[in-house]
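Plus 422 on top of the position in the sequence shown (first one is 1) and you've got my numbering.
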Amino acid sequence: MPINLNILEPARNQSEKVIYRDLSLNMATGIVKGNDAESPANLKDLNTSTDFEAVRNSIINLIKTFPGQKILNPEFGMNFGDLLFLPVSKARGTTIGETITNSIVGFEPRININLVEVVADIEKHEYEINLEITIPEFENKPLNISGRLNKSGFYTY
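Put into structure tokens, the structure is as follows:
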């Protein structure tokens with residue numbers, strides 16, 4: 423008689439209707455309440471983001487990750503090459519926009535891209551990036567991601 427061990431399957435809350443779940447980007451843990459930290463009710467894991475926020479986190483991770491940084495998926499990420507270390511220009515902004523579009527299409531099948539706007543800010547030596555996407559799973563509601571890309575990285579606001 424075979425033994426069925428389902429210890430590796432996560433416990434699911436049947437009342438929760440979450441389609442997508444991802445680790446929260448700040449890697450914060452859940453809040454432990456009460457005096458008995460070891461009780462099952464108080465044990466917390468890393469916080470997660472769900473649905474829209476999970477997709478948003480996925481896109482931000484894709485922009486912030488360089489190919490080769492993710493061990494089990496070395497092609498994941500975006501390679502801007504030396505573009506961020508060269509003088510800021512509209513032509514380089516166009517190349518960055520094409521890189522973002524191609525990477526999102528290749529790595530994020532859950533979304534549709536409506537707009538990728540890259541504005542070169544020559545005085546600040548950075549690019550302002552505005553993304554507008556829709557998620558078919560959520561009745562094509564729009565999701566906007568805006569941030570600044572410079573040689574130090576990508577920062578959202």
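The beta-carbon is built from N, C-alpha and C at its ideal position, and this holds for glycine as well.
Rounded separation between residue i and residue j - CA only
i, j, result
"F488", "L505", "13 Å"
"P558", "N536", "12 Å"
"L571", "N479", "16 Å"
"I518", "I526", "12 Å"
"Y579", "A542", "17 Å"
"Q436", "K486", "With a pLDDT of only 49 at Q436, under 50, the local geometry of the prediction cannot be trusted, and no value is derived from it."
"L445", "I544", "35 Å"
"I493", "V540", "29 Å"
"R532", "N524", "14 Å"
"N534", "F576", "21 Å"
Check: residue i C-beta below 7 Å from any heavy atom of the ligand GDP
i, result
"N572", "Among the ligands in the structure shown, none appear at all, so the ligand GDP cannot be discussed."
Nearest to residue i (by Cα), restricted to the options the options
i, options, result
"A476", "A542, K573, I441", "I441"
"P509", "L565, P564, K546", "K546"
"S511", "E550, F560, I567", "E550"
"E554", "S568, E561, E548, F502", "S568"
Opening and closing residue of the beta strand (DSSP E) in which residue i lies
i, result
"T472", "470-472"
"D504", "Careful: D504 lies outside any beta strand (DSSP E) and carries neither H nor E."
"Y442", "Run containing Y442: none; DSSP gives neither H nor E here."
Residue interval of the alpha helix (DSSP H) (run including residue i)
i, result
"F529", "512-529"
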